[in-house]
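Q:
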Amino acid sequence: MENMPQIPPLPPTIVDARFSDLGGWLEFYRQADLPVLRHTAHELERLRETAENVNGRALSAIILRDPLMTLRVLGFIEKNRGKRQDTDITTIERALMMIGIGPFFNAFQDLPLVEDRLKGHPKALLGLLKVIARARKAAFWARDWAALRHDLSTDEVIVATLLHDYAEILMWCFAPALATQVKDRQTQDRTLRSVAIQAEVYGIPLYELKLALAEEWHLPELLTSLMDAENAAQPRVRNVKLAVDLARHSANGWDDAALPDDYTAIADLLRVNEPTIKKRIGVPEPQPEPDAAAAADASRSSAD
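Numbering (numbering that gives the first Met the number 0), first residue to last: 0 to 303.
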């Protein structure tokens with residue numbers, strides 16, 4: 000019995016209660032097996048059938064619609080970093096070039112699915128999908144603005160924006176009850192600061208977890224710096240942050256009180272006027288107030 004091989008523990012799946020400190024969360028996520036969206040897995044399987052004809056651009060487009068799959072690819076590159084590789088891979092297309100299309104499909108098979116993980120937590124699954132939709136929208140805007148700014152690598156800005164809120168995404172996946180509690184508290188009282196709610200429910204603010212996991216997982220330093228608001232003096236970081244802020248605030252409705260400040264900041268970054276920014280973003284035109292007399296006539300006609 001003493002010589003029997005030890006069976007490695009299964010990766011953790013769901014956390015029901017918070018850890019006491021950042022170290023506890025780091026230890027948990029150190030072992031976690033990140034799931035991906037079912038749609039991502041289906042799309043990869045579709046392309047696998049004709050792998051010899053798949054190009055990196057098409058494959059990259061699928062990966063970049065899923066922040067969790069993006070994290071998996073970046074983590075894979077880091078774990079398989081060659082001794083001669085002294086530069087970080089900061090875009091998914093470059094990562095695929097390093098891995099190779101065939102080896103990629105060999106390495107990424109039978110992926111765990113978000114929908115299976117959260118089968119018993121429908122409210123959390125909805126919350127997760129909303130955050131991912133928000134991340135996609137932010138990445139779309141960030142790419143557009145980076146192009147307007149003639150950024151030399153818009154793909155780096157896209158990846159950083161997509162992953163900006165990955166700590167929140169992870170909590171929806173692995174601590175659904177806690178994530179739901181945070182969201183409920185935010186909905187009940189919008190005056191409460193998110194950082195304070197996170198610290199109370201999770202035991203830590205999520206920005207601390209994001210930066211600590213970036214270091215733990217050896218995410219590219221450039222991407223980490225682009226996701227860190229402390230570097231907001233840099234135009235590329237502001238590009239990321241403002242896209243994330245706009246996506247978060249507009250998700251509350253186009254009447255969110257924070258949006259006017261967003262428009263001003265974006266206009267300043269891009270050096271264009273606010274009407275141009277609103278049109279480019281797709282802000283709906285304000286509807287005119289109904290004429291009082293017309294409204295009264297309509298009310299009388301309805302009564303008749």
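Every residue gets a Cβ at the ideal spot worked out from N, C-alpha and C, and that includes glycine.
Which value, in whole angstroms, describes the spacing of the CA atoms of residue 163 and residue 240?
A: As a first step, residue 163 is located in the sequence shown; it is residue number 164 there, counting from the start. As a first step, residue 240 is located in the sequence shown; it is residue number 241 there, counting from the start. Residue 163 and residue 240: Cα-Cα distance of roughly 8 Å.
Q: Relative to the alpha-carbon of residue 209, which residue among 170, 264, 166 and 96 has its alpha-carbon at the smallest distance?
A: The residue labelled residue 209 in the question sits at position 210 within the sequence shown. Selected option, being the one with the closest Cα: 166.
Q: Among 13, 70 and 109, which has the Cα closest to the Cα of residue 94?
A: Counting from 1 along the sequence shown, the entry for residue 94 is found at position 95. Per the Cα distances, 70.
Q: Report the rounded CA-to-CA distance for residue 80 versus residue 52, giving the unit in angstroms.
A: In the sequence shown, counting from the first residue as 1, residue 80 sits at position 81. In the sequence shown, counting from the first residue as 1, residue 52 sits at position 53. The straight-line gap from Cα to Cα measures roughly 26 Å.
Q: Note down the Cα distance separating residue 237 from residue 223, rounded to an integer number of angstroms.
A: The residue given as residue 237 occupies position 238 in the sequence shown. The residue given as residue 223 occupies position 224 in the sequence shown. Approximately 14 Å between the Cα atoms of the pair.
Q: Three-state secondary structure (DSSP) at residue 21?
A: Taking the sequence shown and counting its residues from 1, one reaches residue 21 at position 22. Three-state result, residue 21: helix.
Q: Spatial neighbours of residue 184 within its chain, please: CB distance less than 6 Å, with the 5 preceding and 5 following residues excluded, ordered by chain position.
A: Residue 184 sits at position 185 when you count from the first residue of the sequence shown. Excluding sequence neighbours, residue 184 sits near 196.
Q: From 284, 61 and 67, pick the residue whose C-alpha is nearest to that of residue 47; which is it?
A: Numbered from its first residue, the sequence shown carries residue 47 at position 48. Nearest option by C-alpha distance: 61.
Q: Pick out whichever of 247, 75 and 127 has its Cα sitting closest to the Cα of residue 102.
A: Translated into the one-based positions of the sequence shown, residue 102 becomes position 103. Here the closest residue by C-alpha is 75.
Q: Give me, in chain order, the residues of the same chain whose beta-carbon lies closer than 7 Å to that of residue 104; leave out the 5 immediate sequence neighbours on both sides.
A: Counting from 1 along the sequence shown, the entry for residue 104 is found at position 105. 47 and 50.
Q: Mind checking which residues open and close the alpha helix (DSSP H) that includes residue 187?
A: Counted from its first residue, the sequence shown places residue 187 at position 188. Run containing residue 187: 175 to 187, per the alpha helix (DSSP H) assignment.
Q: State the DSSP-derived secondary structure class of residue 191, mapped to helix, strand or coil.
A: The residue you call residue 191 lines up with position 192 of the sequence shown. Residue 191: coil per DSSP, three-state reduction.
Q: Which residue spans inside the stretch 43 to 89 form an unbroken alpha helix (DSSP H) run of at least 4?
A: Taking only runs of at least 4 residues, the alpha helix (DSSP H) segments lying wholly in the stretch 43 to 89 are 55 to 62 and 66 to 78.
Q: Cutting at 6 Å between CB atoms, please list the residues of its own chain near residue 110, excluding the five before and the five after it.
A: On the sequence shown, position 111 is the one that residue 110 refers to. Excluding residues within five positions, the ones whose Cβ falls inside 6 Å are 35 and 40.
Q: Determine the direct distance from the alpha carbon of residue 90 to that of residue 65, and round the result to whole angstroms.
A: Within the sequence shown, numbered from 1, the residue matching residue 65 stands at position 66. Within the sequence shown, numbered from 1, the residue matching residue 90 stands at position 91. Between residue 65 and residue 90, the C-alpha separation is close to 14 Å.
Q: May I ask you to list the residues that DSSP assigns as paired with residue 127?
A: Looking up residue 127 in the sequence shown gives position 128. In the DSSP output, where bridge partners are listed per residue, residue 127 has none listed.
Q: Look at residue 202 and residue 18 and say whether their C-beta atoms are less than 8 Å apart.
A: Sequence index remark: in the sequence shown, residue 202 carries index 203 (1-based). Sequence index remark: in the sequence shown, residue 18 carries index 19 (1-based). Yes. Within cutoff.
Q: Just to confirm, is the Cβ distance from residue 247 to residue 133 under 8 Å?
A: On the sequence shown, residue 247 is found 248 positions in, with the first residue counted as 1. On the sequence shown, residue 133 is found 134 positions in, with the first residue counted as 1. Closer than 8 Å, so yes.
Q: State the start and end residues of the unbroken alpha helix (DSSP H) segment that holds residue 257.
A: Taking the sequence shown and counting its residues from 1, the one referred to as residue 257 is at position 258. Element bounds for residue 257: n/a, residue is neither H nor E.
Q: If we ignore side chains and look at the alpha-carbon of each, how far apart do residue 284 and residue 274 end up?
A: To locate residue 284, count along the sequence shown from 1; it is residue 285. To locate residue 274, count along the sequence shown from 1; it is residue 275. Their Cα atoms are separated by approximately 11 Å.
Q: So, with DSSP's three-state summary, where would you put residue 35?
A: In the sequence shown, the residue the question calls residue 35 occupies position 36. The answer is strand: DSSP assigns residue 35 an E or B state.
Q: Spatial neighbours of residue 168 within its chain, please: C-beta separation below 6 Å, excluding the five flanking residues on both sides.
A: Here the question's residue 168 lines up with position 169 in the sequence shown. Same-chain partners within the cutoff: 66 and 130.
Q: Rounded to whole angstroms, what's the CA-CA distance from residue 122 to residue 212? Just pull it up for me.
A: Here residue 122 refers to the residue found at position 123 when the sequence shown is read from its first residue. Here residue 212 refers to the residue found at position 213 when the sequence shown is read from its first residue. Using only the alpha carbons, I get a separation of about 26 Å.
Q: Thinking C-alpha only, which one of 99, 33, 154 and 242 is nearest residue 228?
A: Here residue 228 refers to the residue found at position 229 of the sequence shown. With distances taken between Cα atoms, residue 228 lies closest to 242.
Q: Classify residue 22: buried if its beta carbon has 16 or more other beta carbons within 10 angstroms, exposed otherwise.
A: Stepping through the sequence shown from its first residue, residue 22 is reached at position 23. Classification of residue 22: exposed, given that the 10 Å Cβ count is below 16.
Q: Expressed to the nearest angstrom, what Euclidean distance is found between the alpha-carbon atoms of residue 150 and residue 268?
A: Sequence index remark: in the sequence shown, residue 150 carries index 151 (1-based). Sequence index remark: in the sequence shown, residue 268 carries index 269 (1-based). Their backbone Cα atoms lie some 13 Å apart in a straight line.
Q: Considering just the uninterrupted stretch of the alpha helix (DSSP H) at residue 245, what are its terminal residues?
A: Your numbering for residue 245 matches position 246 in the sequence shown. Where residue 245 is concerned, the enclosing alpha helix (DSSP H) stretches over 234 to 249.
Q: Report, in whole angstroms, the separation of the C-beta atoms of residue 73 and residue 100, which I expect to be a contact under 8 Å.
A: Position 74 of the sequence shown, counted from the first residue, corresponds to residue 73. Position 101 of the sequence shown, counted from the first residue, corresponds to residue 100. That pair is no contact at about 17 Å.
Q: Can you tell me whether residue 1 is buried or exposed? The criterion is at least 16 other CB atoms within 10 Å of its CB, across all chains shown.
A: Translated into the one-based positions of the sequence shown, residue 1 becomes position 2. The predicted position of residue 1 is uncertain, since its pLDDT is 48 and thus under 50; a value taken from the coordinates is nonetheless stated next. Label assigned to residue 1: exposed.
Q: Taking C-beta to C-beta, are residue 92 and residue 56 nearer than 8 Å?
A: For the purposes of this step, residue 92 is identified with residue 93 of the sequence shown, where counting begins at 1. For the purposes of this step, residue 56 is identified with residue 57 of the sequence shown, where counting begins at 1. Yes. Within cutoff.
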